[in-house]
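>
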Amino acid sequence: MEAKLREYRALRRRKELIENVKQKLEKAKDKFVDFLLPETNMDRKEDEIVLLEDDSTHIGKSELQLEDTTEGIEESEVPPTEENQETWKYFLVKWSIYSIIWLTLFIYFIKLQFGAVFFVISALVGICLNTRTRPKKKGEISAYSVFNENCESIGGTLNAEQLQKEMMFGFGGVNIL
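For the sequence shown, our numbering assigns the number 20 to the initial residue and increments by one for each residue that follows.
1) According to DSSP, is lysine 157 part of a helix, a strand, or is it coil?
2) Determine whether the beta carbon atoms of phenylalanine 125 and serine 115 lie at a separation below 9 Å.
3) Helix, strand or coil for isoleucine 173? Go by DSSP, reduced to three states.
4) Grab the span of the alpha helix (DSSP H) containing glutamate 35 for me, first residue to last.
5) Looking at the secondary structure, which residues open and close the alpha helix (DSSP H) in which glutamate 125 lies?
6) When the Cα atoms are used, what is the spatial distance from leucine 111 to serine 118?
7) Going by DSSP, what residue range makes up the alpha helix (DSSP H) through phenylalanine 138?
8) Which residues mark the beginning and the end of the alpha helix (DSSP H) in which phenylalanine 190 is found?
Next comes the structure, spelled out in structure tokens:
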């Protein structure tokens, strides 16, 4: 009986030791990831921020009219939205790993005296991978004016008026003379 009891206690100690080691490894991994990627509010979306804390149900006339107009809408009219956005933490980890792998390969090819060749080929591969082959999202502004309704300006691009101002008056549009 005592032999079985000793055996049971030894087995229980082993299991506790294994669980302890697993917990310590998990904590160490979490600490390392938190050290590399400190917690920020970057992954917080605007819809997660509480704008109104008053949850009173207040129905106005415009809301009633809106409900009447939405009754005839079918589900097929609403386009499906793509929500495949990755978190900042995942983004940083992924690109850190890519950078480390690329840098390691670059150093290896420098040792082989093929560093310039590797750099040029990796630049060409990067260009090819970053050209989009998927179709344009619904509502996304096209860079080509043929497909851009109302010829809306795309943020960060140079329009004709801005180019003319900069050519005539310099950067910032101020005439110093």
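Backbone N, C-alpha and C define an ideal beta-carbon position, used for all residues, glycine too.
In terms of the structure at hand:
1) Lysine 157 carries a coil assignment under DSSP once its states are collapsed to helix, strand and coil.
2) no
3) coil
4) Here the alpha helix (DSSP H) through glutamate 35 covers 21-55.
5) For the sequence presented, residue 125 should be read as phenylalanine rather than glutamate. Note, phenylalanine 125: alpha helix (DSSP H), 107-130.
6) 10 Å
7) First-last of the alpha helix (DSSP H) with phenylalanine 138: 134-149.
8) That residue, phenylalanine 190, is in no alpha helix (DSSP H); it is neither H nor E in DSSP.
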